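In this note's numbering, the protein residues as written are 110 to 416. This report concerns only the one structure given below.
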C-alpha cells in the first residue's frame, strides 16, 4: 500500500498484547488498545483480518470506516454473532464459496477478493516422484487420508507443516510416518516422511519437485493458498471438492475429489500424470498479487463492488 502512495500502518499483536495469551480477556485488552489508537489518530479506514469476536466488537462504532476480511468459514458461533452485530462495517472474503457461507450465516459479505501471490517469485519446477501434503497437520486438513492415499498409490509422500493438533498427530499420523527434521530437497523421499514446517521459499521449491500436491480436506476450505502456490510451481493438485478449492482446481490443473475415500484420492493421484505443468502455472497467473491489491485498494477507497 505504501507503494500506492497510501499512508498505511500495521497494528501488530506483539505491539498490542502485554504478553502472549489467547484467552478472551487478553483479546479484549489487545483489540481495545487497537481501538484507542484509532480514536487517537486521524484514520480514514481500518482494515481488520482477525478472526476473534473481540476484534469485531472493538471496532464497532469507530470514527473511521471499517473493513473486515473474513479468511475463515463461519464455524465459531461467537465470532459469527459478533460479526452480525457489526452493522457499520463492510465485509470482504477470499472466495465465492466463503462469501456464500457467511451470507447464509447472516453476515452481509458484499465483496470477494481472491488471495493473490507473486507468481514470479515461485520457481517453476520439473516435478518428480513424490507427493506433497502441505499446511497445518490437523484433522480438517486430512493428513491421515493423504498418507493412506499415497501409500495405496505406491507414491512417496512428503508432509510439510506445523502440528496444530498434537493428539491427532500422535494417534493418527506419527505411527505411519518417518520423522525427518533434517531432510533437505535432494535427499529423496521414502514412504511417508514428516519434515516439519519450512520457510515459504523452500516450500515453493518442494512443490516444484513434486508430482502432485494432495489436499484431502474435511472442511469447507475458505480459499486454498497451498493449492495456488503448488500450481504456481507447475504441480497439479488433488483436492477435496470443498469450499474455495472448487474455484482454483479443475481437470486442467488437477483433480477434484467428491468423496472422502482413500480409493478416490488414490485414483486421482494417478490421474495427475496427464496434467500439463504449464497449465498449472497459467492458472496460478490468474490469481496475482497485483489483482488482489487492486481489489483491496478499491474497497478501502469506498468503491462499491458486489459479490
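Glycine residues also receive a C-beta, built at the ideal position from the N, C-alpha and C atoms. A quick note: this is a predicted structure, and the numbers were derived from the prediction, not measured.
Short Cβ contact (8 Å threshold) for residue i with residue j
i: residue 282; j: residue 240; result: no
i: residue 377; j: residue 366; result: yes
i: residue 265; j: residue 317; result: no
i: residue 334; j: residue 286; result: no
i: residue 348; j: residue 324; result: yes
i: residue 274; j: residue 248; result: yes
i: residue 297; j: residue 330; result: no
i: residue 321; j: residue 381; result: yes
i: residue 272; j: residue 404; result: no
i: residue 354; j: residue 373; result: no
Buried versus exposed call for residue i [16 or more other C-beta atoms within 10 Å across all chains shown]
i: residue 178; result: buried
i: residue 406; result: exposed
i: residue 299; result: exposed
i: residue 215; result: exposed
i: residue 399; result: exposed
i: residue 343; result: buried
i: residue 161; result: buried
i: residue 196; result: exposed
i: residue 413; result: exposed
i: residue 134; result: exposed
Rounded straight-line distance, which links the Cα of residue j to that of residue i
i: residue 408; j: residue 253; result: 40 Å
i: residue 280; j: residue 139; result: 35 Å
i: residue 159; j: residue 187; result: 13 Å
i: residue 168; j: residue 190; result: 14 Å
i: residue 127; j: residue 258; result: Because residue 127 carries a pLDDT of 41, less than 50, the predicted location of this residue cannot be relied on, and no value is offered for it.
i: residue 199; j: residue 181; result: 16 Å
i: residue 339; j: residue 149; result: 43 Å
i: residue 206; j: residue 289; result: 36 Å
i: residue 360; j: residue 220; result: 27 Å
i: residue 390; j: residue 313; result: 13 Å
Nearest-angstrom beta carbon gap, residue j and residue i [assumed within contact, 8 Å]
i: residue 384; j: residue 345; result: 4 Å
i: residue 396; j: residue 203; result: About 10 Å; that fails the 8 Å criterion.
i: residue 326; j: residue 250; result: 6 Å
i: residue 201; j: residue 184; result: Contact flag wrong, Cβ pair sits at about 18 Å.
Reference residue i, options the options, closest by Cα
i: residue 268; options: 360, 315, 262; result: 315
i: residue 227; options: 413, 410, 412, 402; result: 402
i: residue 212; options: 230, 143, 192; result: 192
i: residue 224; options: 375, 357, 238; result: 357
i: residue 262; options: 270, 243, 238, 276; result: 238
Residue i Cβ short of 7 Å to the ligand NAP heavy atom set
i: residue 262; result: Looking for the ligand NAP in the displayed structure turns up nothing, as the structure carries no ligands at all.
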